[in-house]
Amino acid sequence: MSSASSAASAPSGSGSASGSGSGSAGSASATNPPGSSTLSIPMTLPPGGATMTQPPQTATSYFKIAEGALITFGWNLTSVVATPTSLTLSAVCANGNTYAVGPDSQGRVPGTATQVVWDVYSYQQAHPETQLAQDEYTLHMFDERGPTATAQAGLMSPNTQLTFALYTPQAYTALTSGWTCTGCSGALAARPAAFGVLFTLLVMFISGVRILRRHL
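Number 65 in the working numbering belongs to position 38 of the sequence shown; there are no gaps in the numbering.
Next up, the structure:
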């Protein structure tokens with residue numbers, strides 16, 4: 028597969044987390060990054076996760092692939108006791124391709140990060156062989172345990188709740204250069220000037236009727 032698809036694989040993060048018993052009946056241990064102490068996480072705690080704060084999840088957001096048009100993804104971690112070593116974000120397209128999100132080639136950010144900015148235009152220019160499609164995408168976000176990690180108390184669960192779409196704006200084309208309305212009927216698309224004249228006459232007629240009513 029192309030290099031764009033590599034972001035979907037589980038990263039080889041140096042940190043790890045586990046749900047093995049810590050010696051007491053109601054707890055599990057989770058290991059922080061190397062050099063830190065081991066946390067004892069009660070099994071009664073809910074699995075951790077990420078709540079997306081930007082863009083809103085109430086509807087699909089549409090972003091254009093254009094110079095200077097940056098996309099910001101923001102989130103908060105909830106019920107996460109063991110801070111991840113790193114987070115990986117990837118955009119999975121409806122056509123099956125996967126793209127690394129953000130400035131890192133693997134889509135990784137520190138585990139303490141709460142947002143990432145993606146320059147899709149620069150990505151497009153740097154990856155001519157794996158162009159971003161005009162389509163719908165799902166944002167995949169997971170910790171160093173990978174995209175298929177199971178839910179565990181106090182540890183971050185993979186998040187795939189956010190969908191968005193990318194599109195490429197079309198360049199302006201003047202009428203004199205041959206622009207046609209692709210969504211119009213054949214007659215109007217072929218004669219845009221005639222449509223403009225008819226619209227002007229209609230406006231003049233309506234305005235005339237209003238003036239006559241005022242004088243009656």
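Here a beta-carbon is modelled for each residue, glycine too, at the ideal position from N, C-alpha and C.
Owing to the predicted nature of the structure, the values given are computational and were not obtained by experimental measurement.
Reference residue i, options the options, closest by Cα
i           : options            : result
residue 192 : 171, 160, 237      : 160
residue 66  : 144, 98, 108, 92   : 108
residue 98  : 130, 104, 115, 123 : 130
residue 68  : 93, 154, 182       : 182
residue 119 : 74, 205, 173, 162  : 162
residue 172 : 127, 126, 70, 115  : 115
residue 84  : 121, 194, 187, 177 : 187
residue 147 : 73, 204, 89        : 89
Contact check, residue i vs residue j, beta carbons under 8 Å
i           : j           : result
residue 166 : residue 189 : yes
residue 117 : residue 101 : no
residue 157 : residue 124 : yes
residue 170 : residue 178 : no
residue 139 : residue 105 : no
residue 141 : residue 103 : yes
residue 92  : residue 194 : yes
Nearest-angstrom Cα separation, counted from residue j out to residue i
i           : j           : result
residue 184 : residue 199 : 45 Å
residue 225 : residue 81  : 45 Å
residue 58  : residue 76  : Only weak support exists for where residue 58 lies, its pLDDT of 44 falling under 50; the coordinates are left without a value.
residue 196 : residue 180 : 45 Å
residue 168 : residue 149 : 21 Å
residue 238 : residue 230 : 12 Å
residue 137 : residue 143 : 10 Å
residue 151 : residue 174 : 25 Å
residue 79  : residue 127 : 18 Å
residue 74  : residue 155 : 40 Å
residue 227 : residue 204 : 23 Å
residue 122 : residue 113 : 27 Å
residue 244 : residue 233 : With the chain covering 28 to 243 only, the question about residue 244 has no answer from this structure.
residue 94  : residue 145 : 12 Å
residue 132 : residue 153 : 11 Å
According to DSSP, residues forming a beta bridge with residue i
i           : result
residue 98  : 145
residue 90  : 193
residue 81  : 101
residue 1   : With the chain represented from 28 up to 243, any question about residue 1 goes unanswered, as that position is not in the structure.
residue 107 : In the DSSP output, where bridge partners are listed per residue, residue 107 has none listed.
residue 118 : 126, 166
residue 113 : 137
Contact with chain D by residue i, beta-carbon distance below 8 Å
i          : result
residue 95 : The structure shown has no chain D; it contains just one protein chain.
beta-carbon residue i near the ligand ADP non-hydrogen atom, thresh 7 Å
i           : result
residue 129 : Within the structure as shown, the ligand ADP is missing, as the structure has no ligands at all.
Ordered list of alpha helix (DSSP H) runs contained in the region 128–176, each at least 4 residues: If we require 4 residues or more, the alpha helix (DSSP H) runs fully inside the region 128–176 come out as 147–153.
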